[in-house]
Amino acid sequence: MAQKVEIHLEDDLDGGPAEHTLTFALDGKDYEIDLSDANAEKLREALRPFVAAARKAPTGQGRRQRSAGTPSSSGENARIRAWAREHGHKVSDRGRIHQTIKDAYYAATGQS
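Going left to right, the sequence shown walks through residues 10 to 121 as this note's numbering numbers them.
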């Protein structure tokens with residue numbers, strides 16, 4: 010049996026279609042956000058003066074490498090996906106779980 014998998018990005022700000030996944034770091038934490046063309050440009054415009062004044066961070070040994078995820082986060086993601094499917098949410102088998110689904114899971118299970 011053949012499968013066709015389609016990934017549709019949803020803008021994390023306004024819920025509309027998104028064309029970009031942008032990554033950035035702040036205060037030692039890495040972030041990722043899905044945005045439409047318009048919202049991606051708003052983010053870039055807002056950051057432009059800060060980027061112009063900043064210097065590039067060191068790379069290599071001076072920076073900690075990101076891991077692919079810990080077993081505990083992988084197990085938690087599996088529980089969230091199972092819960093989401095049981096409650097009628099569409100969620101992919103792999104990749105990032107949308108924050109609205111995580112929020113609903115945590116609210117329903119009383120976890121944080």
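Just so it is clear, CB atoms sit at the ideal spot from N, CA and C, and this is done for glycine as well.
Can you round the beta-carbon distance between Asp-43 and Ala-55 to whole angstroms, since I take them to be within the 8 Å contact cut?
-> Actually they do not touch by this definition, with Cβ atoms about 17 Å apart.
Below 6 Å CB to CB, which residues in the same chain sit around Thr-79 once its five sequence neighbours on both sides are set aside?
-> Residue confidence is low: Thr-79 scores 49 on pLDDT, short of 50, so the model does not pin down where it sits. Its coordinate-derived value is still stated next. Only residues of its own chain outside the window of five on either side were considered, and among them none has a CB closer than 6 Å to the CB of Thr-79.
Along the chain, where does the beta strand (DSSP E) that runs through Thr-32 open and close?
-> 29-35
With C-beta atoms as the reference, is Ala-113 less than 9 Å away from His-98?
-> yes
DSSP on Pro-80, reduced to helix/strand/coil?
-> At Pro-80, the pLDDT of 48 sits below 50, so the modelled position is not reliable; the number obtained from the coordinates is stated separately. Three-state result, Pro-80: helix.
Based on the DSSP secondary-structure assignment, which residues constitute the bridge partners of Lys-38?
-> Leu-35
Cβ-based burial, Ala-61 [other Cβ within 10 Å; buried from 16] | Exposed is the call here.
Three-state class that DSSP yields for Glu-50 in the structure shown = helix
Identified DSSP bridge partners for Pro-26 = Glu-19
Is it right to say Ala-117 is buried, meaning 16 or more other beta carbons lie within 10 angstroms of its own, or is it exposed?
-> exposed
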